[in-house]
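Right, one structure below, let's go through it.
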Amino acid sequence: RQAAETENDHLFNLPMDLFCIVGTDGYFKRVNKAFTEVLGYSSETLLSQPVIDFIHVEDHERTTAELIQLLQGIPSIHFENRYLRLDGQYRWLEWAAFPVGELIYAVARDVTTRKLMEKELRQSESRYRALADENGVGIWQVSRDYKTLYVNQAMCDMLGVVDEQQLLLKSYEPYFTSESLRKIVENRSLRQQGIGSTYEVVLIHTSGRHINAILYGAPILNEEGELQSLMGTFVDITSHKQAMTNLAQEKCFTDSLIDSLPGIFYFFDQQGRFLRWNKSFEEVIGYSAAEIKQLHPLELFQGDDIALIRERIEEVFVDGRSFAEADVLVKSGALIPFYLTGQRVLVDGLPCLVGMGLDLTQHKQALRSWRASEERYQKLVKNALVGIYRSTPAGYFEDVNPALVRMLGYSSAEEVLNLNIASDVYVNPTKRERIQVENEPKGFLAGIQAVWKRQDGEHIIVRIDGRTILNEQGQIIAYEGMVQDITERKEAEEALRNSRAQLAGIIGSAMDAIITIDGQQRIVLFNEAAEKMFRCSAADVLNTPLSQFIPARFHDQHTQNVQVFSHSSDTKRVMGKLRSPYGLRSDGEEFPLEASISSIEVQGQVLHTVVLRDVTEYKRIEKDRERLLAQTQEQARQVRQIIDAVPEGVLLLDNDGRVNLANPLGERYLKQLMADPTAERITQLGDRTLAQLFAAPPHGLWHDIAAPDGRDFQAIARPLEPATAMKGWVMVLYDATREREIQQLVQEKERLAAVGQLASGIAHDFNNILAVITLYTQMILRSEALSVKTYKRLETIEQQTHRAKDLIQQILDFSRQAVIERVSINLGMFIEDLIHLLSRTLPETIQIDFTHEHDDYIIKADPSRMQQIIMNLAFNARDAMEQGGRLSIHLQHLCITAETSPPIAHMKAGNWIRVRVTDSGSGMSAETLARVFEPFFTTKESGKGTGLGLAQVYGIVQQHEGHITVDSTLGEGTTFDLYFPASVIEIDDMLASRDDSLPRGNRQRILIVEDNHAAREALVEALTLLNYQLLETDNGVEALKLLETNSADFDLVLSDVVMPEMGGIALLEAIHEKEIDVPVVLMTGHPLRQDVNDLRKLGLQGWFLKPPDLVELAHFLADLFS
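Position in the sequence shown (first residue = 1) + 6 = the numbering used here.
Below you can see the structure in the form of structure tokens.
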């Protein structure tokens, strides 16, 4: 209680608003901390005096009336009054109060600041209106529908209106020109957004005269931010506008003249005050007009330029004119080069300076760019990888770059400049003259090839690109161009031509058929061998599909093979690997073949080349070889004996144990089995001596060997036949570790499957018994004449049947017979929710850790089954940690590929999610671990466990195509690893809530087919209670006879699935086959093994599990018949 009161006090004093409780006697019963802080009194002072003592005397009457209403049970909202502070000041409070019994609960907010602002606003508004009337400013207020609400006298005078009543509640439109009304409409959207606007309008005086005015329109909004009215302020600018028009026309001409001047214009007096300037001046220096007026001309310069400009200004005022070139310092700090002029003029008898300036920036930039371009050009020419030249019409080089010097094999440009191009450079001297004659009319050379000679006599092939240089008279004065050494490229092209010729010869002379196809599998190459193989010419089949040479039954497989190969990383597959084993000749004959395929990308297109070999003769020889092999098998008995005995490693030993020969696996096994792998002789392998291995084994053909690292091996040794030249033994070693593990796993699964099958059968029989108990109990519970004691007992029976049903569900889970409804589950969020449940369920001495990477862990699973798994494992961990400990759950993504070793045998490749549950409990012994998933096996005391928990977990995991392993050490804890196939997110419907009403039938006729007498009777009584007509039979054969003769008498067939004579599915198939038009519903204690969609095609309308719940059965049938 004390803790609750403390928390209540904390919550009462937490808000910043004023809280209080007042009694009917007019005294405060309780006030919060904010109340005392705002008024300055202690809580004792406030509680000791009547409330009315703290209220302003002017508010006593209103406050008393409000208290009377509260005492009558009427709440008070937004009531305001003034309270006296300890320092003598008053504070305005806004109240909300509610009567509760004999007390009044109230909360107040200090609104003193708002009240003062409202008062100041009213005074300001009064002053504003008076000021507006005194200064001739018109005020016009209109409503949302643009009807006049208020105008002041100045507005009436402006319009020539005698009485403001002429305007009130009337439209303002007659007093505005159409253009002004258009402006008002254009600004309407701004006003609706609460934004004011200013613009010029033209008003119409009552005399018809137009009045120019400036209108400032301001929206007036209510507390919700909605537009309430519009307030317009008008200033008559008619006279001012006319004067400004005249002045503007005069100034416009002058400004246009000055602004049209090139460059900047400036005009200042002898004291350096700027009197006039153009826009360019203002834009260039970056100062505003007001700032320019405060500037002295010398402030626009720095350094040596200040003295220069001062000297030139003095020259202007003495000599009358001057000029200078200097850098102008602009506001941004940049320096701009200018050519400046100045001339003396007299204004009102006073000397002034007028001048202009031209910006030299572009001129200087152009000069710098030209110099930089020239420098870059020289570097480009010097560093170019191709030769660059300039030559004369007479045949000598005027300029060459280093690349051309190197190309010709000389050490300096001077040597090349002395060469006669025609005789010293061209191998054929007349070639240059022919090039000139052919290309001079065009004015350029493009891709001309010639043979030049180097200084060392070597010939090179060059490509020349150039142009002619003409003088003003159109005469050729020089040639300029580039030269590339293309010797290697020409040699490569020649090699390519030779290679293509050789390839064409190889393809043409090849004995195998070679066919190349494009991406659409059209033939683009068909050699002579292919023509012979398929008995047609290449001309007839080019650009036609390859499928014409493949038997029709292999078309789909062939297309798939080529597509898979196209998208794989392979670039070739060897002979015999493709899966179309037959070809089709043009005359329709099929023949066996072998093929290999390769691909290559040519100009962005992938081409596949197939090499085909007709193996008709090979097949015939192969059959002969098989026949001969059978004849020689007896002769090769000794060889076959060795081959048959080679499962893994093979050793050839002499009689002293020396290894004469060992295959790679044999060498590896020796390292694992020998104590000293470097020893020259073998004396012992594992736990067996060599003598024991040479002797016959005690049982079977193989010796069992235990390796030092715990692996299991088998060995068999045979002496070499006396007829052979060598003496010694052949020994075969086999690593049986994996096989033994798989055998143990298979045996364990078979044992659990057998137990599960037995348990499933028991569950089926129990379901029939529970169906009778459940239906009768639920029918009796709905009887009206039941005593309370009888009703309680029946409820107990129903509850126990539900417990029995849950127990059967556990049996079905571990036997993998249960029905599961899978949806997409994010295990991360799912287990997070379960952790919250476990934290309230498990003892506080157990710490729960849940770790995983920030990712989605999606599987397709039944949520209730997954919850059962986690809860079962958590409760087992709890029982193993009686003194407390740590329960850890960890999620991890796993990707199993064909190259990786899976953590569990037979685990399929793909994406998996591992759930690892670890406890720090007592652990398990090896004997307990071997039976941990066995149904009904438990190590707990009698009455504390059924032995079904872990068996149920095992079954649920198997039903979800998952795997489970367990690792435990006595005294150190236990770890369960659960593996589930990863999935993707899907959206699943939420389960509907249960409706406990009992809808009744409309006397529909139902044929019940059930072999269990008691279950049938219970079902008949239940359906009779639900107002259905029933006819019953105990097998499908009898039911079919009734339907064949009287099918129209039945609205539904309700049949059990498992019956001795014609079960429910067989009955469904017979009804479909005989075309009997009646819907069928199946009942079963097992989930349906057949695909439900297939059964629906036969006429199945639905199915449900035994034992049926009466309410669920009633709704099921009602939905079916509706």
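A virtual CB, placed ideally from N, CA and C, is assigned to each residue, including glycine.
Taking the straight line between their C-alpha atoms, what separation do you get for L346 and P399? Roughly 50 Å separates the two Cα atoms.
Extent of the continuous beta strand (DSSP E) run through A1107: As written in the sequence, residue 1107 is Gln, which differs from the Ala given in the question. Membership of Q1107 in the beta strand (DSSP E) is indicated by the continuous run L1106 to L1111.
Could you tell me the distance, in whole angstroms, from the CA atom of I466 to the CA atom of V433? 9 Å
Between the alpha carbons of F274 and R282, how many angstroms are there, rounded? 7 Å
For V617, does the count of other Cβ atoms within 10 angstroms reach 16, so buried, or fall short, so exposed? buried
Can you tell me whether DSSP reads R687 as helix, strand or coil? strand
Where L301 and V336 are concerned, what is the direct C-alpha to C-alpha distance, given to the nearest angstrom? 12 Å
To the nearest angstrom, report how far apart G655 and P670 are at their CA atoms. 7 Å
Hey, quick one: how far does the alpha helix (DSSP H) through L227 stretch, first residue to last? Where L227 is concerned, there is no enclosing alpha helix (DSSP H), although the beta strand (DSSP E) it sits in stretches over H216 to L227.
With distance defined between alpha-carbon atoms, name the residue in D718, D562 and N666 nearest to Q678. D718
Expressed to the nearest angstrom, what Euclidean distance is found between the alpha-carbon atoms of Y47 and L99? 16 Å
Please confirm if the stretch 897–916 is in contact with the stretch 926–945, defined as three or more CB-CB distances below 8 Å between the two stretches. With the cut-off at 8 Å, the stretch 897–916 and the stretch 926–945 do not touch.
N- and C-terminal bounds of the alpha helix (DSSP H) containing F700: L696 to F700
Does the structure place the stretch 962–970 close enough to the stretch 980–988 that three or more beta carbon pairs sit under 8 Å? yes
Look at the Cβ atom of L366, then the Cβ atom of F344, and state whether they are nearer than 8 Å. yes
Assign C26 to one of three DSSP states: helix, strand, or coil. strand
Roughly how many angstroms separate the alpha carbons of Y152 and E50, rounded to a whole number? 58 Å
What residue does the beta strand (DSSP E) around T857 start on, and which one ends it? It spans I852 to T857 - the beta strand (DSSP E) in which T857 sits, taken as one unbroken run.
Rank P725, F881, L739 and H860 by C-alpha distance to the C-alpha of R674 and give the top, closest one. Ranking P725, F881, L739 and H860 by Cα distance to R674 puts L739 first.
Tell me, which residues are paired with N87 by DSSP? According to DSSP, which records beta bridges pairwise, N87 is partnered with L99.
Can you check DSSP and say which residues form a bridge with R350? L359
Alpha carbon to alpha carbon, how far is T119 from L165? Give it in angstroms, no decimals. Taking the Cα positions, L165 is about 41 Å away from T119.
Could you name the residues of the same chain whose beta carbon sits closer than 6 Å to that of T1090, not counting the 5 residues immediately before and after it, in chain order? Excluding residues within five positions, the ones whose Cβ falls inside 6 Å are V1063.
Inspect the beta-carbon positions of L840 and I876 and report whether they are closer than 8 Å. Less than 8 Å divides the Cβ of L840 from the Cβ of I876.
Using 8 Å as the threshold, is the stretch 237–251 in touch with the stretch 206–223, meaning 3 or more CB pairs across them? Here the stretch 237–251 makes contact with the stretch 206–223; the two share three or more CB pairs at distances below 8 Å.
Take D693 and list the residues in its own chain whose beta-carbon comes closer than 6 Å to its own, dropping the five residues that flank it on each side. A712
Distance, Cα to Cα, S328 vs V353? 19 Å
Counting beta carbon pairs with one atom in the stretch 849–862 and one in the stretch 878–893, are three or more of them shorter than 8 Å? Yes: at least three Cβ pairs fall under 8 Å.
Checking 8 Å against the spacing of the C-beta atoms, do L1058 and Q1010 come in under that value? yes
Check W376 in the structure and name its three-state DSSP category. helix
What is the DSSP secondary structure of P869, counted as helix, strand or coil? helix
I'd like the span of the alpha helix (DSSP H) that includes T436, first residue to last. T436 to N445
Minimum length 4: unbroken alpha helix (DSSP H) runs contained in the stretch 908–967: 932–936 and 955–965
What is the DSSP secondary structure of Q198, counted as helix, strand or coil? Note: Q198 maps to helix in three-state DSSP.
Looking only at C-alpha atoms, which of A1124, M362 and F532 sits nearest to L1029? A1124
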